[in-house]
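Working notes for the structure below.
Numbering (my numbering), first residue to last: 228 to 368.
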């Protein structure tokens with residue numbers, strides 16, 4: 228399968244590079260397949276799920292308002308994360324079913340031991356919020 232350069236740039240916006248281990252959590256039928264395909268193409272391997280024992284460079288966490296406790300999900304997302312890894316919290320964009328208010332993320336991230344660094348339009352229907360552990364944020368300076 229070949230992903231066109233437009234799709235590949237989706238993964239590049241998430242900082243995905245060849246050889247990275249990407250863990251995917253919270254997948255459901257509404258997840259953006261173009262984004263998922265782009266990540267697989269650029270990383271060069273299938274994404275791993277929550278049952279994997281591999282250390283993840285990047286975690287993609289698909290999250291909708293009705294999915295439960297965001298703090299718990301974020302804590303779970305860093306369980307297998309590399310020290311300098313990144314969590315991308317992917318939420319439906321404003322006005323779409325399942326949209327998560329930014330304030331909820333602002334409150335949940337520090338409680339889970341994460342720091343928000345940026346937000347992007349990750350896909351047509353999905354926003355991406357980049358979260359790192361404070362130690363990883365310091366090492367990037």
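Ideal placement from N, C-alpha and C gives every residue a C-beta, glycine not left out.
Q: Assign residue 264 to one of three DSSP states: helix, strand, or coil.
A: helix
Q | CA nearest to the CA of residue 254, picked from 248, 263, 247 and 306 | A | 263
Q. Any idea which residues DSSP pairs residue 334 with across the strands?
A. Looking at the DSSP assignment, residue 334 forms no beta bridge with any residue, so it has no partner.
Q. How many Å lie between residue 356 and residue 246 at the Cα?
A. 22 Å
Q: Starting from the C-beta of residue 240, find all residues in its chain whose C-beta is less than 6 Å away, skip the five residues before and the five after it, and write them out in chain order.
A: 347
Q) Since residue 290 sits in a beta bridge, which residues does DSSP pair it with? A) Beta-bridge pairing links residue 290 to no other residue.
Q) Going by the beta-carbon positions, is the gap between residue 293 and residue 330 smaller than 9 Å? A) Not in contact: residue 293 and residue 330 (Cβ atoms no closer than 9 Å).
Q: Measure the CB-CB distance between residue 237 and residue 266 and report whether it falls below 9 Å.
A: Note that the C-beta distance between residue 237 and residue 266 is below 9 Å.
Q. How many angstroms separate the CA atom of residue 304 from the CA atom of residue 261?
A. Here the alpha carbon of residue 304 sits roughly 22 Å from the alpha carbon of residue 261.
Q: Can you tell me which of the three DSSP states residue 255 falls into?
A: Coil, per DSSP.
Q: Answer with buried or exposed for residue 327, where buried requires no fewer than 16 other C-beta atoms within 10 angstroms of its C-beta.
A: buried
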